[in-house]
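Enquirer:
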Amino acid sequence: MDYPFERPQRLGVPEEFAGLRERCPVRPVSLRHGQEALLLTRYHDVRAVLRDHDRFSSDPARPGYPQLRPVVDRTAAPGSFLVTDPPLHTRYRRMLTGEFTVRRMAELRPEVERITAGRLDLLLAGPSPADLVAGFALPVPSDVICLVLGVPLDDQEFFATRSRAHLDRSLSAAEVGAALTELHDYLAELVRARRSTFRDDLVGRLLRDFPDLTDEEAVGMTVLLLVGGHETTANTISLSVLALHESGRWAELVADPSLVDSAVEELLRYLSPVHHGVVRAVTGEAALSGCPVKAGDGVVASLFAANHDPDVFPEPHRLDLARESRHHLAFGNGVHQCVGQLLARIELRAALRALVTTVPDLRIAVDRPEFRFDSPIYGLRALPVSW
17 MDYPFERPQR LGVPEEFAGL RERCPVRPVS LRHGQEALLL TRYHDVRAVL RDHDRFSSDP
77 ARPGYPQLRP VVDRTAAPGS FLVTDPPLHT RYRRMLTGEF TVRRMAELRP EVERITAGRL
137 DLLLAGPSPA DLVAGFALPV PSDVICLVLG VPLDDQEFFA TRSRAHLDRS LSAAEVGAAL
197 TELHDYLAEL VRARRSTFRD DLVGRLLRDF PDLTDEEAVG MTVLLLVGGH ETTANTISLS
257 VLALHESGRW AELVADPSLV DSAVEELLRY LSPVHHGVVR AVTGEAALSG CPVKAGDGVV
317 ASLFAANHDP DVFPEPHRLD LARESRHHLA FGNGVHQCVG QLLARIELRA ALRALVTTVP
377 DLRIAVDRPE FRFDSPIYGL RALPVSW
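Okay, here's the thing in structure tokens:
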């Protein structure tokens with residue numbers, strides 16, 4: 017069985033997951049480079065792997081580490097906290113934790129809401145129908161992450177195209193490498209500028225507060241924050257609007273905007289934007305759903321399948337805005353759980369609240385939106401809407 021699975025051009029969970037979860041929850045699969053790995057589809061197995069960094073490693077240099085990216089890279093770049101294990105991961109994580117505290121995010125919320133309102137005003141000032149992706153869903157998180165990192169807004173398009181290329185599995189290794197080189201070169205110059213002259217933004221504070229942080233590490237951390245802070249949230253905004261309309265829940269949210277916070281959690285569960293899952297190399301003996309795994313094996317933990325496990329989320333294919341969904345795994349779990357999840361939640365809540373209160377009559381203006389499944393974070397190429 018090949019993985020990732022082909023997905024039809026619509027919302028919904030790949031049909032293979034339900035059968036595998038029931039009959040073969042730890043399933044050998046073949047990946048794009050011919051590598052073999054074990055696909056996990058049950059919530060409790062996925063969560064257990066994410067929480068056990070002693071036996072399931074994020075280090076691509078480990079034997080058996082599954083490669084889902086177009087570029088086979090067995091080394092973790094300096095600062096790449098997503099693909100490092102403790103204690104190095106702990107060092108990087110501690111540097112960033114203070115930037116994403118509840119207090120700091122509360123201070124940032126008014127700016128996020130201002131950016132959201134401004135982008136929505138620009139969209140509504142133009143013709144109807146308009147593309148919600150290009151006109152709202154992409155620029156809102158781009159503006160926010162540029163603000164957080166201290167990156168000029170004029171360079172937003174540069175970052176958007178390079179960060180998307182970083183994740184695009186339809187591109188060749190050379191194309192991905194070229195985009196990454198351009199991104200690294202730009203951010204290296206930014207880091208040098210902050211090192212020379214302090215500015216009170218995330219990059220400036222990291223360099224000031226952690227003198228042992230090298231320029232290469234600062235660039236690597238910034239790349240991950242930029243890509244993660246842009247692509248995931250942007251895709252989730254437009255996918256959420258589509259899901260709410262297709263499920264008939266848009267009117268429910270318009271009638272009761274107080275549901276926005278719970279709706280965001282349910283949409284994260286339902287959509288599971290990181291649809292290919294996360295990978296780990298097994299470094300010690302373990303058992304998953306009674307199946308033994310050993311050092312040298314590789315596992316692909318499907319967040320999508322886990323978030324649709326009926327043993328944890330009854331009627332998982334139903335979008336229920338009142339469901340208690342905060343235990344979903346859309347942001348991962350364990351030590352590698354998304355460091356920017358509080359910011360992502362603020363952005364998603366601001367976007368949905370602005371849309372349902374300002375444009376309650378928003379409608380999807382196309383029968384079949386075109387999806388982008390050629391990335392670990394799926395989304396829509398465009399979403400024409402009218403009002």
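Numbering-wise, the sequence shown is residues 17 to 403 according to our numbering.
Beta carbons: idealized from backbone N, C-alpha and C, even for Gly.
As the structure is a prediction and not an experimental result, all values here were calculated from the model.
1. Nearest to D377 by alpha carbon, out of L140, F320 and I161?
2. Does DSSP put G406 in a helix, in a strand, or in coil?
3. Is P143 buried or exposed, if buried means 16 or more other CB atoms sit within 10 Å of its CB?
4. So, does the region 44 to 64 touch the region 274 to 282, judging by three or more C-beta pairs under 8 Å?
5. Quick check: what's the CA-CA separation for L284 versus E247?
6. Note down, one range per segment and in chain order, each beta strand (DSSP E) of at least 3 residues found wholly within the region 244 to 294.
7. Do R54 and V382 have their CB atoms nearer than 8 Å?
8. Which residues does DSSP list as the beta-bridge partners of C307?
9. Helix, strand or coil: how does DSSP classify E52 here?
10. Under the rule that 16 or more other beta-carbon atoms within 10 Å means buried, what is P289, buried or exposed?
11. In the DSSP assignment, find the alpha helix (DSSP H) that holds R221 and state where it starts and stops.
12. Please report whether the beta-carbon of G80 lies at a distance below 8 Å from any beta-carbon of chain D.
13. How is the alpha helix (DSSP H) around G35 delimited, first residue to last?
14. Can you tell me the Cβ-Cβ gap for P94 and E233, rounded? I've got them flagged as a contact below 8 Å.
15. Name the DSSP bridge partner or partners of G395?
16. Tell me, please, which residues DSSP counts as bridged to P1.
17. Just to confirm my understanding: we take V328, look at its own chain, exclude 5 residues before and 5 after, and list those with CB closer than 7 Å. What are they?
18. Thinking C-alpha only, which one of A271, G314 and A346 is nearest G287?
19. I think A195 touches R178, with their Cβ atoms under 8 Å apart; what is that distance to the nearest whole Å?
20. Kindly list the residues whose CB is nearer than 6 Å to the CB of E115, restricted to its own chain and excluding five residues on each side of it in sequence; keep chain order.
21. Measure the Cβ-Cβ separation of D61 and S305 and say whether it is below 8 Å.
22. Which value, in whole angstroms, describes the spacing of the CA atoms of S402 and S391?
23. What residue from C40, G293, M121 and P44 has the CA that sits closest to A366's CA?
24. Quick check on DSSP: helix, strand or coil for D101?
25. Hey, quick one: how far does the beta strand (DSSP E) through V401 stretch, first residue to last?
26. Among residues of its own chain, excluding the 5 on either side of P41, which ones have a beta-carbon nearer than 8 Å to its beta-carbon?
27. Cutting at 8 Å between CB atoms, please list the residues of its own chain near L335, excluding the five before and the five after it.
28. Distance, Cα to Cα, R384 vs L364?
29. Compute the distance between the beta-carbons of Y108 and F97, then report whether it is under 8 Å.
30. Answer with buried or exposed for M17, where buried requires no fewer than 16 other C-beta atoms within 10 angstroms of its C-beta.
31. Check this for me: beta carbons of R160 and H200, under 8 Å apart or not?
32. Is the region 72 to 79 touching the region 206 to 225 in the sense that three or more CB pairs, one from each, lie closer than 8 Å?
33. Is D70 helix, strand or coil when you go by DSSP?
34. With 16 other CB atoms within 10 Å as the buried threshold, where does T373 fall?
35. Ends of the alpha helix (DSSP H) at V207?
Expert: According to the structure data:
1. By 1-based counting over the sequence shown, the position of residue 377 is 361. Checked all of L140, F320 and I161; the closest Cα to D377 is L140.
2. Missing from the structure shown is residue 406; the chain here goes from 17 to 403 and no further.
3. The count along the sequence shown starts at 1 and reaches residue 143 at position 127. By the neighbour-count rule (16 or more Cβ atoms within 10 Å), P143 is not buried but exposed.
4. no
5. Against the sequence shown, residue 284 aligns to sequence position 268. Against the sequence shown, residue 247 aligns to sequence position 231. If you take the alpha carbons of L284 and E247, they lie about 14 Å apart.
6. none
7. The residue you call residue 54 lines up with position 38 of the sequence shown. The residue you call residue 382 lines up with position 366 of the sequence shown. Rather than Arg, the amino acid found at residue 54 in this sequence is Leu. Going by C-beta atoms, L54 is not nearer than 8 Å to V382.
8. For this step, residue 307 is matched to residue 291 along the sequence shown. L304.
9. To locate residue 52, count along the sequence shown from 1; it is residue 36. DSSP places E52 in strand when its eight states are reduced to three.
10. For the purposes of this step, residue 289 is taken as residue 273 along the sequence shown, with counting starting at 1. So P289 ends up on the buried side.
11. For the purposes of this step, residue 221 is identified with residue 205 of the sequence shown, where counting begins at 1. Where R221 is concerned, the enclosing alpha helix (DSSP H) stretches over L218 to D225.
12. Considering every chain present, this structure includes no chain D. It has just one protein chain.
13. The residue you call residue 35 lines up with position 19 of the sequence shown. That run of the alpha helix (DSSP H) goes E32 to R39.
14. Taking the sequence shown and counting its residues from 1, one reaches residue 94 at position 78. Taking the sequence shown and counting its residues from 1, one reaches residue 233 at position 217. 4 Å between Cβ atoms; contact.
15. Stepping through the sequence shown from its first residue, residue 395 is reached at position 379. Answer by DSSP bridge pairing, in chain order: R388.
16. Since the first and last residues shown for the chain are 17 and 403, residue 1 lies out of range.
17. Working through the sequence shown from its first residue, we reach residue 328 at position 312. So the qualifying residues of the chain are Y59.
18. If you number the sequence shown from 1, residue 287 lands on position 271. Checking the displayed sequence, the identity of residue 287 turns out to be Leu instead of Gly. Out of A271, G314 and A346, A346 has the C-alpha closest to the C-alpha of L287.
19. Reading the sequence shown from its first residue, position 179 is the one you call residue 195. Reading the sequence shown from its first residue, position 162 is the one you call residue 178. Correct: roughly 5 Å between the Cβ atoms.
20. Against the sequence shown, residue 115 aligns to sequence position 99. Closer than 6 Å at the Cβ level, and outside the excluded window around E115, lie L218.
21. Here residue 61 is taken as the residue at index 45 of the sequence shown, counted from 1. Here residue 305 is taken as the residue at index 289 of the sequence shown, counted from 1. Yes, the pair counts as a contact, with Cβ atoms nearer than the cut-off.
22. On the sequence shown, residue 402 is found 386 positions in, with the first residue counted as 1. On the sequence shown, residue 391 is found 375 positions in, with the first residue counted as 1. Their backbone Cα atoms lie some 28 Å apart in a straight line.
23. The residue labelled residue 366 in the question sits at position 350 within the sequence shown. Comparing Cα-Cα distances from A366 to each of C40, G293, M121 and P44, the minimum goes to M121.
24. As a working mapping, residue 101 is identified with position 85 in the sequence shown. Coil, per DSSP.
25. On the sequence shown, residue 401 is found 385 positions in, with the first residue counted as 1. Taken as a continuous stretch (DSSP letters only), the beta strand (DSSP E) holding V401 covers P400 to S402.
26. Translated into positions along the sequence shown, residue 41 becomes position 25. So the list reads L56, T57, R58, D61, L304, S305 and C307, once near-sequence residues are dropped.
27. Within the sequence shown, numbered from 1, the residue matching residue 335 stands at position 319. Contacts found: A259, L260, S263, R265, E282, L283 and Y286.
28. On the sequence shown, residue 384 is found 368 positions in, with the first residue counted as 1. On the sequence shown, residue 364 is found 348 positions in, with the first residue counted as 1. Between R384 and L364, the C-alpha separation is close to 24 Å.
29. Taking the first residue of the sequence shown as 1, we reach residue 108 at position 92. Taking the first residue of the sequence shown as 1, we reach residue 97 at position 81. Yes; because the gap between Cβ atoms is below 8 Å, this pair is in contact.
30. Counted from its first residue, the sequence shown places residue 17 at position 1. Counting Cβ neighbours within 10 Å, M17 comes out exposed, since fewer than 16 surround it.
31. Residue numbering aside, residue 160 sits at position 144 when the sequence shown is read from its first letter. Residue numbering aside, residue 200 sits at position 184 when the sequence shown is read from its first letter. Checking the sequence, you will find Val at residue 160 rather than Arg. Cβ atoms of V160 and H200: not closer than 8 Å.
32. no
33. If you number the sequence shown from 1, residue 70 lands on position 54. It is coil, neither helix nor strand.
34. As a position in the sequence shown, residue 373 is number 357, starting the count at 1. T373 is exposed by the Cβ-count criterion.
35. The residue labelled residue 207 in the question sits at position 191 within the sequence shown. V207 -> alpha helix (DSSP H) spans A189 to S212.
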